[in-house]
Every structure is written in C-alpha cells, then in structure tokens.
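**Q** One structure coming up, written as structure tokens, with questions to follow.
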Amino acid sequence: MATSLWKKLLALFLGVFFLSIGGLTYFAYHSSSEAMEREFHIRGGELAKAIAFESRTYYLNDDVEGFTTLLQSLGEAEDVVAILAYDATNALWVESSTIELTNEEIVLRTNDMAWHRETTVTQGSFLSEFGRAVMREPSFAGFSFDTPTRRLGWIRILFDRGLLEERLDALVLQISIVSTIVTGIGGMIFVFLLRRSLKIIGPLTAATQHVAKGNLDTTVPVTSRDELGQLATCFNQMTEQLHKTTVSKQYVDNIIRSMVDTLIVIRPDGQIRTLNQATLHLLGYEESELVGQHIDRVFPNHDGSFTVVELDPIVSAGRLDHMETVYLTKDGHRIPVLFSAAVMRTDDGTIQGIACVAQDITERKRAQQKLQEANTKLQELDRSRSQFFADISHELRTPLTVIRGEAEVTLLTEHAMTSDYTAALKRIVSLTRGLNKLVSDLLFLARSETGMIEVERQPTSLDEVLTEA
C-alpha cells in the first residue's frame, strides 16, 4: 500500500528533529557534566587548600581537640565523608569521618604538595580524594618554600561522588523531559502545519484522476498562497485551457468524422499523420495500416496521376485546388477522385503538415460516360433522321412530279380522247394513294415516338398491295 506524502515528510521531520534534539541534549549534558565536574574539583581543591591553611596553628600548637572540632564542623558540609590530618611522618593525627575506613584506606600514599585522585573504598562508595600539604609558613607568589622541613603534615579530604552522580542523573532527567516536551510540541506544530500545507494534495490527486477519466470541469480549491497554492492555481488554469482545447478538438473531430469526402493529413516528409473514417471506408484499410506510412501508398505508380513528388509545388504555392487523380485501394482498385490540398502553418510560419481532401467522383465519371454515350446515340439518330427526311422528301417529290407531269401532258394534248383522261386520272389516283399511305406512315412514326399509337384495322387487297409494290 502506498505511503502518503505527509507521512513520509513527517517521518523525515521526526528523524531530523530527533537527531537535532538528541545532539543538543548530548551537548547540553556533556557541557553541564563537565562544568559540574570542574566545579566539584575546584571546590574540593579549594576546601583542601583552605583547611590546610587554617590548620597551621593547630599543628604548631598541637591542638588536637580544637582541630578535631574544626574538622567535624567542616565535615558536615555536603558530600564530605571524611577529613584526615596527617603529621610530618605520614601518621594519622586527626580523623573526622562519617564512613568506616580500613587501615589500608587510612594510609597516606603520597607526599605531594597537592593532589587529586578517584578511589573506591571497601564499602563500595566511589570517592574523590583531594589532598594538600600543611606548611609552616605560607608560600608567596613567585617563590617556592616546599621542603620536607617546612611541612607540618597533610590534609586529606574524601568527597562522596554519589551526590554528584545524582545531580548528573537529575540533569539528564531534566534535559530528557525538556527535550521530550519540546519534541512533542514541535512535532504537533509541524504536523499541524504540514497537514494544513499538504491539504491540497488529496483534492489535487483526486482531481487529476477525474481529469484522466475525461471530466475536465474538475477544479481544486486554493487554500494557501505558497507553492502548493500556486500549484492548485496552475492546475485549475490547465484544466480550463484543456477544457477549451478539448471542446475545440472534439468539435473539429466531429466535423472530420462527419465529412463525406476523404481527409488525409500528412507531415512535410509525406508520412500520413491522421485520416478520417471516409478515407478508410473508401480505400478499405484499417487506421493502423496507413498512419505512419508514406502517402505514395494510396497513389498508383506510373499511371500519370498525381503523386507525392508534386507536393513540392503545393508547399510553394500553399494549396492545390480540384485536381483529378486516382486513389489506389487496398485490393488494387483505382478510384477517380477530385483532389485538393492546403498547407497548414503555425503562427511563426513553420509547416505543420498538409491537409489533403479528395472527393470520390466515380459516379460522376459514370454519369459523364453515360452522357457521352447518349450524346453519341443522339448524333447517330440525328444523322438517321436527316437521311430519313431526305428519303421522305424524295418519295414525296417523285409522285407529285409524276402527277404534275401527267396533268400537264393531258392538258397540253389536243384532241385528247376520253380514254386518255381516264387513264391519266387513274394514274393520279394511284399516286395519291401512295402519297396518302406515305403520310399515314409518317403519322404512325410520329405517334410511335410520342407513345400515342392507334392501330386501325381495315380490309386490304393483296393484289393492290402487290401491284403498288
């Protein structure tokens, strides 16, 4: 399970904070313990020096009782457990002790002018020992009079270090308590500030997931003016701009999808970048089969049609309008199209691509072919009619010429017999029947073109038909 950001930051803060508090605690304890240790040593040395100075008179007067009283009063001081006075022969002269010392522990083992050492007695107590020589006359600055003949004896003071250790333990406890309180308060303040600062992270994460699902109306509240607040503001601006861009893109995509004509957008190098569904339907490809391929794939080779080589003039001119060419389908069929292209540029003039639009003109080509065939038939029909009317004119003119000739000859003949008139009239009647039949045929032909044919049945003499033929 993923760990939240504020927990990671809290762990980091607590680690750094504990290290800092631990370091400060150690430094404070170490410094304080050294200071207390120095103070302890200074106090022990000064007390031994003071007793040695005050005891000269008692040594010179051999006043054991008075010196004992003095040592007993001084032995009542805090953490002083024993004050021992020795004569010049290192023998014990006066003892004031609150603990029981063995003979070996009473023995003076040094003849130095002053000393300090740590020791442990039989009872198990850990003691600090301070000693000082008792001189007949005080020493003056810059001169040393420390000679065996001038020594009256030695003062030996034993301090119990238990009280010092207790004070050090109390100091450790106090520092630990203060550090714990400071750590707790600092941790709570940090957690409060951290959770308040990171309050935007949860809504921002949820908003990001909503945006990823397509909900571009999502916004996050801006609760601070720090970097996280600026992040929330930028996120809201991004979603707003993305919403506008996406709406525009969806609008354009809807237009492209609803286009009946094919649309292919190619890169400046001729690779297909995108295309619409009409193109895929017309060419029989899947989108993955054409995207990234060269535009030459949809143009047949070596047939004189438009090819990608001619894209350079398009780039130079900026567009190409209504050029007839041929698309090559996946199964090898050639489809005539009316091709147009336009160069897409950015605001700074950089070429983004070339939009190629083509309209399938297969039906138009078929209509043109049918129209051409019909025109050819009309031309042939027109020639046939011209020939037909020429023939009709000849067929009409010939009988009329004969009729006119028969009538003129009959009228010009003098002394013509009745039989001649009769023969001429019969000839004229026969020719007029032929003309009447020819007119009937023309009327039949006209009616056949208008769909108004009427069949009229009448008796016909085959002899007459054969004779007229």
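In this text, residue positions in the sequence shown follow the numbering used here: the first is 2, and each later residue adds one.
Just so you know, even glycine gets a beta-carbon here, dropped at the ideal spot from N, CA and C.
1. Are the Cβ atoms of Arg157 and Leu109 separated by less than 8 Å?
2. Looking only at its chain, what residues have a beta carbon closer than 8 Å to the beta carbon of Ile393, apart from the 5 residues adjacent to it on each side?
3. In chain order, which beta strand (DSSP E) runs of at least 3 residues are fully inside the segment 330-408?
4. Which of the three DSSP states, helix, strand or coil, is assigned to Thr280?
5. What residue does the beta strand (DSSP E) around Arg157 start on, and which one ends it?
6. Closest to Arg57 by CA distance: which of Ile186, Gly406, Arg133 and Val17 is it?
7. Using the rule of at least 16 other Cβ atoms within 10 Å of the residue's Cβ for burial, across every protein chain shown, is Asn376 buried or exposed?
8. Here's a check: name, in chain order, each residue in its chain whose Cβ is nearer than 6 Å to the Cβ of Thr103, leaving out the five neighbours to either side.
9. For Gly67, report the span of its beta strand (DSSP E) as first-last.
10. Mind checking Ala36: buried by the 16 CB within 10 Å criterion, or exposed?
11. In the structure shown, what three-state DSSP assignment does Thr99 receive?
12. Can you name, in chain order, every residue of its own chain whose Cβ lies under 7 Å from the Cβ of His323, other than the five neighbours on each side?
13. Note down the Cα distance separating Arg298 from Leu329, rounded to an integer number of angstroms.
14. List the whole-angstrom C-beta distance separating Tyr60 from Val135, where the pair is believed to meet the contact cut-off of C-beta under 8 Å.
15. What is the rounded straight-line gap between the Cα of Ser420 and the Cα of Arg405?
16. Expressed to the nearest angstrom, what Euclidean distance is found between the alpha-carbon atoms of His303 and Ile315?
17. His13 by DSSP, collapsed to three states: which one?
18. Helix, strand or coil: which one does DSSP assign to Asp88?
19. Under the assumption that Ile22 contacts Val183 (Cβ atoms under 8 Å), give the Cβ distance between them as a whole number of angstroms.
20. Near Arg274, what residues of its chain come up, given a Cβ to Cβ distance below 8 Å and the 5 sequence neighbours on each side ignored?
21. Just tell me which of Phe127, Asp170, Lys50 and Val81 has its CA closest to the CA of His31.
22. Let me check understanding here. Comparing Cα to Cα, which of Thr433, Arg367, Arg168 and Ile100 lies closest to Glu77?
23. Return the chain-ordered list of same chain residues with a C-beta closer than 6 Å to the C-beta of Arg365, the five sequence neighbours on each side being excluded.
**A** The answer reads as follows:
1. As a working note, residue 157 is residue 156 in the sequence shown. As a working note, residue 109 is residue 108 in the sequence shown. A contact, by the Cβ cut-off of 8 Å.
2. As a working note, residue 393 is residue 392 in the sequence shown. Taken in chain order, the residues that qualify are Leu439 and Leu443.
3. 335-346 and 352-361
4. Locating residue 280 in the sequence shown gives position 279, where the first residue counts as 1. It is helical.
5. As a working mapping, residue 157 is identified with position 156 in the sequence shown. Taken as a continuous stretch (DSSP letters only), the beta strand (DSSP E) holding Arg157 covers Arg152 to Asp161.
6. Position 56 of the sequence shown, counted from the first residue, corresponds to residue 57. Closest by alpha carbon: Arg133.
7. Against the sequence shown, residue 376 aligns to sequence position 375. It is exposed - the Cβ of Asn376 has fewer than 16 other Cβ atoms within 10 Å.
8. The count along the sequence shown starts at 1 and reaches residue 103 at position 102. Correct list, in chain order: Thr123.
9. In the sequence shown, the residue the question calls residue 67 occupies position 66. No beta strand (DSSP E) contains Gly67, which is instead part of the alpha helix (DSSP H) from Val65 to Gly76.
10. For the purposes of this step, residue 36 is taken as the residue at position 35 of the sequence shown. It is exposed - the Cβ of Ala36 has fewer than 16 other Cβ atoms within 10 Å.
11. On the sequence shown, residue 99 is found 98 positions in, with the first residue counted as 1. DSSP places Thr99 in coil when its eight states are reduced to three.
12. Position 322 of the sequence shown holds residue 323. Leu339 and Ser341, listed in sequence order.
13. The residue labelled residue 298 in the question sits at position 297 within the sequence shown. The residue labelled residue 329 in the question sits at position 328 within the sequence shown. Taking the straight line from one Cα to the other gives about 8 Å.
14. Translated into positions along the sequence shown, residue 60 becomes position 59. Translated into positions along the sequence shown, residue 135 becomes position 134. Indeed they touch by this definition, with Cβ atoms about 6 Å apart.
15. The residue given as residue 420 occupies position 419 in the sequence shown. The residue given as residue 405 occupies position 404 in the sequence shown. Their backbone Cα atoms lie some 18 Å apart in a straight line.
16. Your numbering for residue 303 matches position 302 in the sequence shown. Your numbering for residue 315 matches position 314 in the sequence shown. Per-residue confidence for His303 stands at a pLDDT of 48, beneath the threshold of 50, marking its modelled position as unreliable; no derived number is given.
17. Sequence index remark: in the sequence shown, residue 13 carries index 12 (1-based). Per the sequence shown, the amino acid found at residue 13 is Leu instead of His. Three-state DSSP puts Leu13 in a helix.
18. Counted from its first residue, the sequence shown places residue 88 at position 87. Strand, per DSSP.
19. Stepping through the sequence shown from its first residue, residue 22 is reached at position 21. Stepping through the sequence shown from its first residue, residue 183 is reached at position 182. That belief holds up - the Cβ atoms of Ile22 and Val183 are roughly 7 Å apart, short of 8 Å.
20. As a first step, residue 274 is located in the sequence shown; it is residue number 273 there, counting from the start. Counting only Cβ-Cβ distances below 8 Å, and skipping sequence neighbours, we find Val266, Ile267, Arg268, Val292 and Gly354.
21. Along the sequence shown, one-based indexing puts residue 31 at 30. Closest option to His31, Cα to Cα, is Asp170.
22. Start at 1 with the first residue of the sequence shown, and residue 77 comes out as number 76. Closest option to Glu77, Cα to Cα, is Ile100.
23. One-based indexing of the sequence shown puts residue 365 at position 364. Within the same chain, Arg365 has no close Cβ partners at all.
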